[in-house]
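Asker: Protein chains in written order, with the working numbering: chain A, 1169 to 1387; chain B, 1169 to 1387.
Built from N, CA and C at the ideal position, the CB exists for glycine as well.
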DNA sequence: CACTGCTCATGACGTTTGTCATGAGCAGTG
DNA sequence: CACTGCTCATGACAAACGTCATGAGCAGTG
């Protein structure tokens, strides 16, 4: 029922002698395999490589030189954006796009800065994903409207580099002393950064500040 | 390599006139659709319903009366375990199983207590998932070995009811005063509970305590 | 060059936590 | 019934934390 039949519309991109080569990177076997199966139904697409981690995705990309790399945002080793950044320099001809489960606004900015040309949540249908892959391959960009709206409403991070850095070190609930050591800063400085970051974010303490910054993709 | 070839052993369940009816619930369209496509390849399985949220899963189950409900752990509305609990009473003939992305040990216990008969991470292959669906339908249980090992090593929660309760209220970084108010306790009592919980868990402060308790599924 | 903003630091202050001792009331168990 | 363990509370003390004022060095901008 879910698979509407327009199987007849084959080779819409015209380059029938050279199908669009896709790399699939996602740490969840089940999803990756399922995705590969669905994309295989599109006859102008061919999945030439699969990867389950960031580094593996990179290696596979270099080995198989796909046209488009579809990267999961959260993967062990290196996340999708990091992989995209590496690919940009090491395999410039390869377009990159990110798929994500729970899209935080900030990641979109990071992704676009990394040269990613597509950014979609996993709530899209496979049919649509295939379309977007073609769009991206054609050199255009595609960003999920809802994700884009979120990113705009979340706005830019008001945090300075160090503030964000220190806040991130505070993420696991470590005491100031430990943060100071890990950041090679004095405890006083750490407290100052934490304090200003929290007040900028509008949080009462650093822990809620961390949470809010996470939600807005500022860390 | 992972797919050992026993394709020839078809119809192993014998009931060829009555294929195994499956309900699929996952909030991610892409994954759900892909999964449905993959399961459709197994000729003794048929996906009779799909749902994108907890309540929808419940409604769909009651409407289509599947043999097995495959539920994602994290869904909007009500999580997989809650749906399983409801199904247990409202549709006793339906076996339930949970698939999860990032399996926390504690969920397994909750799931088993809710009468769930299968618990697998999304890292399994579709072939294996199909096998497990059959296993579950046959009345047996299947729990991913790695997840089971994690659950065992994480052990039982050492926290008392109130300790866990207060810890949960502390989850979003709220100050003690707010926790006390929300729990209708004195601030001193809250601090005591927080303190004892943290020391039981082995954390230096309540924030890491919350994090660790979360990881172990104790909250 | 003056100006602004980020970085890093110190010292001081009051508040919030974590920790400990102590005790009362109230289940459930042997 | 004695015992144990959970619940809730209070008070007190030290340590950790948040906040503010202040200042030096250093990059980038107009």
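Leaving out the 5 sequence neighbours to the left and right, which residues in its chain are closer than 7 Å to residue 1386(A) when beta-carbon positions are compared?
Answerer: These residues qualify, in order along the chain: 1274, 1325, 1327, 1332.
Asker: How do the segment 1296–1304 of chain B and the segment 1242–1260 of chain B stand: do at least 3 beta-carbon pairs fall below 8 Å, yes or no?
Answerer: Contact fails: fewer than three Cβ-Cβ distances are below 8 Å.
Asker: Is residue 1256(A) helix, strand or coil by DSSP?
Answerer: Residue 1256(A) falls in the helix class under three-state DSSP.
Asker: Using only alpha-carbon positions, find the residue among 1323(B), 1320(B), 1265(B) that is nearest to residue 1302(B).
Answerer: If we check each option's Cα against that of residue 1302(B), 1265(B) comes out closest.
Asker: Using a Cβ-Cβ cut-off of less than 7 Å, give me the residues of the segment 1204–1224 of chain A that come near chain B, in sequence order.
Answerer: Listed by position, the residues of the segment 1204–1224 of chain A near chain B (Cβ gap below 7 Å) are 1205, 1206.
Asker: So which residues on chain A does residue 1276(B) lean against when the C-beta distance must stay under 8 Å?
Answerer: Simply none; closest approach about 18 Å.
Asker: Can the beta-carbon of residue 1221(A) be found less than 8 Å from the beta-carbon of residue 1245(A)?
Answerer: Yes, the pair counts as a contact, with Cβ atoms nearer than the cut-off.
Asker: For residue 1343(B), decide whether its Cβ has a neighbour in chain A, counting only Cβ atoms nearer than 8 Å.
Answerer: Residue 1343(B) counts as touching chain A.
Asker: Give the range of the alpha helix (DSSP H) segment to which residue 1401(A) is assigned.
Answerer: Outside the displayed range of chain A (1169 to 1387) lies residue 1401(A), so it cannot be described from this structure.
Asker: From the DSSP output, in three-state form, read off residue 1224(A) for me.
Answerer: Residue state, collapsed to three classes: helix.
Asker: Just checking: is the beta-carbon of residue 1269(B) within a distance shorter than 8 Å of some beta-carbon in chain A?
Answerer: By this cut-off, residue 1269(B) is an interface position.
Asker: If I follow the unbroken alpha helix (DSSP H) through residue 1392(A), where does it start and stop?
Answerer: What the structure shows of chain A is the stretch from 1169 to 1387, and residue 1392(A) is not part of that stretch, so it cannot be assessed.
Asker: Thinking just about the alpha-carbon of each residue, which of 1279(B), 1343(B), 1270(B) is nearest to the one in residue 1254(B)?
Answerer: Considering only alpha carbons, the answer is 1279(B).
Asker: Alpha carbons only, please: which of 1353(A), 1341(A), 1375(A), 1304(A) is nearest the one belonging to residue 1213(A)?
Answerer: Ranking 1353(A), 1341(A), 1375(A), 1304(A) by Cα distance to residue 1213(A) puts 1304(A) first.
Asker: Less than 8 Å between C-beta atoms, sequence neighbours within five positions excluded: which residues of the same chain meet that for residue 1312(B)?
Answerer: Within the same chain, residue 1312(B) has close Cβ partners 1271, 1287, 1288, 1289, 1292.
Asker: Sorted by chain position, which residues of the same chain lie with C-beta nearer than 8 Å to residue 1197(A)'s C-beta, five sequence neighbours on each side aside?
Answerer: Taken in chain order, the residues that qualify are 1220.
Asker: Check each residue of the segment 1331–1357 of chain B: if its Cβ is closer than 8 Å to any Cβ of chain A, include it; give the result in chain order.
Answerer: Answer in chain order: 1340, 1341, 1342, 1343.
Asker: Return the CA-CA distance between residue 1282(A) and residue 1257(A), expressed in angstroms with no decimal places.
Answerer: Those two C-alpha atoms are separated by around 10 Å.
Asker: Taking 8 Å as the CB-CB limit, is residue 1368(B) close to chain A?
Answerer: Not an interface residue.
Asker: Using a Cβ cut-off of 8 Å (strictly closer), state whether residue 1196(A) contacts chain B.
Answerer: Cβ-Cβ to chain B under 8 Å: yes for residue 1196(A).
Asker: Only counting the same chain, and skipping five residues up and downstream in sequence, which positions put a Cβ closer than 7 Å to that of residue 1369(A)?
Answerer: Within the same chain, residue 1369(A) has close Cβ partners 1377, 1380, 1381.
Asker: Nearest chain B C-beta to residue 1376(A) closer than 8 Å, yes or no?
Answerer: For residue 1376(A), the answer is yes, since a Cβ of chain B falls inside 8 Å of its Cβ.
Asker: Let me know the secondary structure DSSP gives residue 1248(A) once reduced to three states.
Answerer: It is helical.
Asker: Can you tell me which of 1261(B), 1346(B), 1350(B) puts its alpha carbon nearest to the alpha carbon of residue 1233(B)?
Answerer: Residue 1261(B) is the option with its Cα nearest to residue 1233(B).
Asker: Consider the Cβ of residue 1372(B): report whether some Cβ of chain A lies at a distance smaller than 8 Å.
Answerer: Yes, residue 1372(B) lies at the interface with chain A (some Cβ there is under 8 Å from its Cβ).
Asker: Scan the segment 1287–1314 of chain A for residues whose Cβ lies nearer than 7 Å to a Cβ of chain B and list them as they occur along the chain.
Answerer: Within the segment 1287–1314 of chain A, the residues whose Cβ lies closer than 7 Å to some Cβ of chain B are 1290, 1291, 1292, 1293, 1294, 1297, listed in chain order.
Asker: Could you tell me which whole alpha helix (DSSP H) segments of length 4 or greater appear in the segment 1282–1342 of chain A?
Answerer: Qualifying alpha helix (DSSP H) stretches, in chain order: 1294–1305, 1313–1322, 1329–1337.
Asker: Taking 8 Å as the threshold (beta carbon to beta carbon), is residue 1227(B) in contact with chain A?
Answerer: Not one chain A Cβ lies under 8 Å of residue 1227(B).
Asker: Which two residues bound the contiguous beta strand (DSSP E) that contains residue 1387(A)?
Answerer: Residue 1387(A) -> no beta strand (DSSP E), and no H or E assigned at all.
Asker: Please classify residue 1341(A) as buried or exposed, where buried requires at least 16 neighbouring CB atoms within 10 angstroms.
Answerer: That one is buried.
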